[in-house]
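Residue numbers (the working numbering): 201 to 299.
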C-alpha cells in the first residue's frame with residue numbers, strides 16, 4: 201500500500217498489524233460501513249452468540265483483504281462491540297479495500 205495507513209490500523213511488527221473495529225452484530229448484511237469513533241465499523245448478520253459474530257468479523261476482514269481466515273483473528277473485545285483484530289501477513293495488506 202502506498203501512503204499512510206488509516207488511523208484505525210497500527211503496525212505491531214514486521215508481519216503483524218492490529219485493526220480497531222466497532223462491530224454491529226445481528227444486522228441485515230455483512231459489510232464494512234465506514235469509521236465510527238476511530239474504529240472501522242463492521243456489520244455482521246451473525247448474532248453475538250457462541251463467538252459467531254467475532255468469527256464473522258474476522259471472515260469479512262479476511263475476505264476484503266484477500267487473506268486466509270487463519271491470518272485474521274479477534275484478539276480483544278470478544279464480548280463487546282469494541283474489538284481489536286490482529287492481521288498477520290508477509291506483506292502489508294492493501295488497507296484501501298476497507299474504505
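Backbone N, C-alpha and C fix where the C-beta goes; we use that ideal spot for every residue, glycine too.
- For residue 257, the enclosing alpha helix (DSSP H) stretches over residues 252-265.
- Between residue 275 and residue 262, the C-beta gap is not smaller than 7 Å, which leaves the two residues out of contact.
- In the structure shown, residue 297 adopts helical secondary structure according to DSSP, grouped into three states.
- Between residue 217 and residue 209, the C-beta spacing is below 7 Å.
- Looking at the DSSP output, residue 236 bridges to 239.
- Just so you know, the alpha carbons of residue 224 and residue 295 end up roughly 20 Å apart.
- Relative to the Cα of residue 237, the nearest Cα in the group 288, 214, 231, 207 belongs to 207.
- Residue burial annotation: residue 249 is exposed, with fewer than 16 other C-beta atoms found within 10 angstroms of its C-beta.
- In this structure, 281 is the residue among 281, 240, 299 with its C-alpha nearest to the C-alpha of residue 226.
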